[in-house]
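Line by line, the protein sequences give chains A and B.
Just so you know, the first sequence maps onto residues 2 to 341 in this note's numbering.
Just so you know, the second sequence maps onto residues 2 to 341 in this note's numbering.
Just so it is clear, CB atoms sit at the ideal spot from N, CA and C, and this is done for glycine as well.
The structure displayed is predicted, hence computed values, not measured ones.
There are 2 protein chains.
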Amino acid sequence: MTNENKLTLAGLAKLASVSTSTASRALNDNPLIKKETRERLQALAKEHNFSLNRAASRLRTKKTNVIAVILNLTDSTDQSISDPFLLKVVGDLNQVLNKNGYELLLSNSLMASEDWANYFISSSRADGIIVIGQGKSTSNIEQVAASGAPLVVWGDPNASSSYAVVGSNNELGSYLAAKHLIEGQCKNILFLGDPEHAEMNERHKGYRRALIEHNLNTSSELTLSCDITSKAAYDTISSVILDKGLFFDGIVATSDMVALGALKALKERYIGIPNDVSIVGFDDIAMAELFHPSLTTIKQNTKLASQVMVEQLIKQLEGQKATSVVIDVELITRRSSRSN
Amino acid sequence: MTNENKLTLAGLAKLASVSTSTASRALNDNPLIKKETRERLQALAKEHNFSLNRAASRLRTKKTNVIAVILNLTDSTDQSISDPFLLKVVGDLNQVLNKNGYELLLSNSLMASEDWANYFISSSRADGIIVIGQGKSTSNIEQVAASGAPLVVWGDPNASSSYAVVGSNNELGSYLAAKHLIEGQCKNILFLGDPEHAEMNERHKGYRRALIEHNLNTSSELTLSCDITSKAAYDTISSVILDKGLFFDGIVATSDMVALGALKALKERYIGIPNDVSIVGFDDIAMAELFHPSLTTIKQNTKLASQVMVEQLIKQLEGQKATSVVIDVELITRRSSRSN
DNA sequence: GCATCAAATGCAATCGTTTGCAAACAATTT
DNA sequence: AAATTGTTTGCAAACGATTGCATTTGATGC
Chain A
2 MTNENKLTLA
12 GLAKLASVST
22 STASRALNDN
32 PLIKKETRER
42 LQALAKEHNF
52 SLNRAASRLR
62 TKKTNVIAVI
72 LNLTDSTDQS
82 ISDPFLLKVV
92 GDLNQVLNKN
102 GYELLLSNSL
112 MASEDWANYF
122 ISSSRADGII
132 VIGQGKSTSN
142 IEQVAASGAP
152 LVVWGDPNAS
162 SSYAVVGSNN
172 ELGSYLAAKH
182 LIEGQCKNIL
192 FLGDPEHAEM
202 NERHKGYRRA
212 LIEHNLNTSS
222 ELTLSCDITS
232 KAAYDTISSV
242 ILDKGLFFDG
252 IVATSDMVAL
262 GALKALKERY
272 IGIPNDVSIV
282 GFDDIAMAEL
292 FHPSLTTIKQ
302 NTKLASQVMV
312 EQLIKQLEGQ
322 KATSVVIDVE
332 LITRRSSRSN
Chain B
2 MTNENKLTLA
12 GLAKLASVST
22 STASRALNDN
32 PLIKKETRER
42 LQALAKEHNF
52 SLNRAASRLR
62 TKKTNVIAVI
72 LNLTDSTDQS
82 ISDPFLLKVV
92 GDLNQVLNKN
102 GYELLLSNSL
112 MASEDWANYF
122 ISSSRADGII
132 VIGQGKSTSN
142 IEQVAASGAP
152 LVVWGDPNAS
162 SSYAVVGSNN
172 ELGSYLAAKH
182 LIEGQCKNIL
192 FLGDPEHAEM
202 NERHKGYRRA
212 LIEHNLNTSS
222 ELTLSCDITS
232 KAAYDTISSV
242 ILDKGLFFDG
252 IVATSDMVAL
262 GALKALKERY
272 IGIPNDVSIV
282 GFDDIAMAEL
292 FHPSLTTIKQ
302 NTKLASQVMV
312 EQLIKQLEGQ
322 KATSVVIDVE
332 LITRRSSRSN
């Protein structure tokens with residue numbers, strides 16, 4: 002029952018006894034064409050299940066209406082691809098992009114070839130690129146920026162960079178987290194995460210600022226470096242307690258997943274949360290409030306962030322210059338910390 | 002510094018003093034061309050940062066090498082888009098598709114126009130469609146199938162359908178879940194989920210089979226219908242306890258998110274898990290083991306499932322017929338249930 | 001030296017739109 | 001009635017690759 006040879010614009014035009022140019026303009030709702038002609042053709046197209054061949058129109062117009070979204074994973078530990086936060090961002094971006102007439106081509110840094118600008122833009126697969134996460138190395142990203150391709154990155158907006166970065170106020174976020182713990186009478190506060198990573202480094206700064214402001218111990222012993230997965234956090238906390246005992250009473254975690262891993266390690270040792278140890282996460286993933294105790298965390302506004310990213314990208318598609326934008330964060334107080 | 006007018010295949014050919022046909026074949030590694038010529042051109046292309054214009058080649062070859070993945074969300078409650086399970090499947094699909102030379106165009110049923118086959122396939126945006134979730138109505142999907150477009154659906158593989166469905170053995174999964182609870186001495190086992198939904202309906206059957214096999218109460222009072230979100234589950238359990246007290250000692254939940262919502266409602270009332278009430282989830286999301294108590298659940302093998310889906314889709318792209326495939330499930334025993 | 005054959009390359013049409021420009025048409029003014 | 005507008009439509013040339021077929025090239029045998 003499939004059409005032997007598919008209907009083409011020329012065919013549709015013939016059916017309507019107009020030229021292909023008229024048909025093309027009519028379907029694109031070009032006001033050059035008389036309104037009733039437009040409607041007649043649009044109705045005919047619907048009736049015959051016709052839709053324009055995008056390959057052809059992309060070739061002709063040099064516009065794809067596609068945005069490549071690249072999950073910039075740090076390692077090949079495909080753990081991170083399951084981080085609900087990253088995937089949440091993809092979901093939100095999808096919504097916003099569609100709303101603006103763009104489609105989302107999903108990729109990840111492990112798969113895509115090296116030269117992203119080349120692969121996606123000059124090959125005319127996409128009009129612009131959104132990279133989620135700066136990873137540890139930003140050379141790939143800088144190469145895209147240098148090529149002049151429309152680009153927006155989710156990451157640390159404070160890093161001076163040649164490209165537009167949208168991201169949360171990470172420094173403030175962890176500052177708020179640490180301050181909150183301090184107000185809850187914590188004295189020895191752990192930082193749990195990977196300070197080599199741009200965003201995490203900012204979070205580390207905020208954590209230190211709060212501690213210093215309150216004359217607390219900022220010894221390097223209190224900064225535990227670990228991957229941004231719950232498993233890594235679980236292992237790190239478990240082994241550090243085994244080694245040194247419980248020498249801390251608060252944890253500033255760099256993500257909710259990390260916080261949850263730590264939580265599990267503590268609970269397995271019957272350490273009371275929040276009384277023995279208080280924990281603050283980062284992200285506010287959907288599950289944060291379901292945990293027991295529910296997780297105090299720094300909320301990242303992914304919906305707003307997605308809107309801003311798309312906005313800044315569209316700016317560039319229109320030839321304007323885009324800017325980095327800082328998204329506000331918010332402390333969400335729940336049960337994993339003492340409410341002063 | 003961006004090239005005034007981009008290099009084209011013809012330009013590259015001229016640089017190499019060959020015809021465009023030779024250049025085209027060389028870049029596509031066609032053995033018709035002498036090996037050293039091929040290598041010379043490929044090197045030249047790399048040197049000049051050249052890549053083939055996909056819009057043009059798609060137009061000519063009528064192949065896009067793109068697969069549209071549609072998240073078939075039930076409602077406009079964009080809650081479900083954040084279900085980590087769905088997004089995990091997207092991530093896995095992305096991996097497998099890329100490995101097979103395809104790209105993933107992400108969409109969701111709320112955004113995409115009505116006629117998917119038309120929108121994606123005849124418009125030459127994609128070569129095939131993968132739908133994640135059958136939703137409550139399958140009319141959209143059936144329309145695609147009727148159009149003859151290459152299609153694979155993640156859903157209930159037992160439903161007799163005109164299209165290839167890949168999915169877990171849902172009936173068996175919930176049977177195992179219920180049986181496990183029964184072996185742990187549960188007598189009044191709740192089913193929590195939405196039996197109108199195809200997959201959930203299978204799970205309901207499995208649940209009933211186990212109960213009947215053991216002569217337990219299958220009264221309809223024990224089947225609670227609720228949306229597949231943690232919030233809905235939380236509300237449902239909370240209000241049912243308020244209404245009728247604790248008349249159950251086990252819960253078969255239709256997803257981990259649902260299980261976690263229920264867990265929270267119970268814990269807030271200081272109901273002991275697993276001793277007062279045991280819970281089994283479904284999916285085995287990454288967080289399942291992080292909870293306290295860690296969640297006993299039925300694991301869905303999304304990695305394998307993704308491979309099978311892509312396999313079945315490629316079959317169709319090659320003109321063969323695809324078949325529905327049932328993916329094995331596995332009971333993962335943790336602490337939210339008594340180990341008999 | 002010429003026919004024969006295989007290997008390597010080139011010619012030119014084609015995929016299905018879009019769009020600058022010209023043409024046809026209708027309405028208004030002189 | 002001709003000239004002047006303004007609307008609506010059509011012609012035909014792109015866009016940049018791929019590919020069936022023809023052609024060249026070089027090797028081989030007689």
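query	result
Let me check understanding here. Comparing Cα to Cα, which of 299/B, 236/B, 210/B, 275/B lies closest to residue 254/B?	299/B
Secondary structure at residue 190/A, three-state DSSP: helix, strand or coil?	strand
Which of the residues in the stretch 115-131 of chain B, read from start to end, lie with their CB under 8 Å from any CB of chain A?	116, 119, 120, 123, 124, 125, 126
When you compare only the Cα positions, how much space is there between residue 283/B and residue 246/B?	25 Å
Could you spell out the range, first to last residue, of the alpha helix (DSSP H) harbouring residue 305/B?	303-318
Interface residues of chain A around residue 292/B at Cβ under 9 Å?	261, 265, 288, 291, 292, 293
If you follow the alpha helix (DSSP H) that residue 171/B is part of, which residue opens it and which one closes it?	171-184
When the Cβ atoms of the stretch 286-300 of chain A are set against those of the stretch 316-327 of chain A, are three or more pairs found closer than 8 Å?	no
Using CA coordinates, which residue listed in 310/A, 49/A, 45/A, 159/A is at the minimum distance from residue 201/A?	159/A
Can you find the residues in the same chain that come closer than 8 Å, C-beta to C-beta, to residue 46/A, ignoring five residues on each side of it along the sequence?	13, 28, 52
So which residues of chain B does residue 55/A contact, with C-beta pairs closer than 7 Å?	124, 125, 126
Considering only DSSP beta bridges, list what residue 279/A is partnered with.	251/A
On the DSSP bridge list, what partners appear for residue 106/A?	69/A, 106/B
Taking residue 52/B as the query, report the chain A residues whose CB atoms sit under 7 Å from its CB, ordered along the chain.	119, 120, 123, 124
Which residues does DSSP pair with residue 284/B in a beta bridge?	300/B
Taking the continuous alpha helix (DSSP H) assigned at residue 25/A, which residues delimit it?	21-28
What does residue 59/A reach in chain B if we use C-beta pairs closer than 7 Å?	56
Of all the alpha helix (DSSP H) runs that stay within the bounds of the stretch 215-277 of chain B, which reach a length of 4 or more residues?	231-245, 257-269
Please report whether the beta-carbon of residue 9/B lies at a distance below 8 Å from any beta-carbon of chain A.	no
Going along the chain, which residues of the stretch 224-257 of chain B sit with their C-beta nearer than 7 Å to a C-beta in chain A?	231
Anything in chain B within Cβ reach of residue 107/A, meaning under 7 Å, just list it in chain order.	95, 105, 107
Residues of chain A with a CB under 7 Å from the CB of residue 23/B: which are they?	None at all; the shortest Cβ gap to chain A is about 20 Å.
If the criterion is Cβ atoms closer than 8 Å, does the pair residue 150/B and residue 122/B meet it?	yes
When the distance is taken between beta carbons, is residue 314/A closer than 8 Å to residue 142/A?	no
Since residue 56/B contacts residue 60/A with CB under 8 Å, what's their CB separation in whole angstroms?	4 Å
Are the C-beta atoms of residue 12/A and some chain B residue less than 8 Å apart?	no
Can you name, in chain order, every residue of its own chain whose Cβ lies under 6 Å from the Cβ of residue 170/B, other than the five neighbours on each side?	327, 330
Going by the beta-carbon positions, is the gap between residue 337/A and residue 93/A smaller than 8 Å?	no
Give me, in chain order, the residues of the same chain whose beta-carbon lies closer than 8 Å to that of residue 114/A; leave out the 5 immediate sequence neighbours on both sides.	120
Between which two residues does the alpha helix (DSSP H) holding residue 331/B run?	That residue, residue 331/B, is in no alpha helix (DSSP H); its beta strand (DSSP E) goes 330-333.
Are residue 250/A and residue 286/A touching if we call contact CB-CB under 8 Å?	no
When burial is assigned at 16 or more other CB atoms within 10 Å of the CB, is residue 102/A buried or exposed?	exposed
Just to confirm my understanding: we take residue 134/B, look at its own chain, exclude 5 residues before and 5 after, and list those with CB closer than 6 Å. What are they?	73
Return yes when the Cβ of residue 152/B is within less than 8 Å of the Cβ of residue 183/B, no when it is not.	no
Along the stretch 177-196 of chain A, where does the CB come closer than 7 Å to a CB of chain B? Name the residues.	none
With distances taken between CB atoms, is the gap from residue 230/A to residue 205/A smaller than 8 Å?	no
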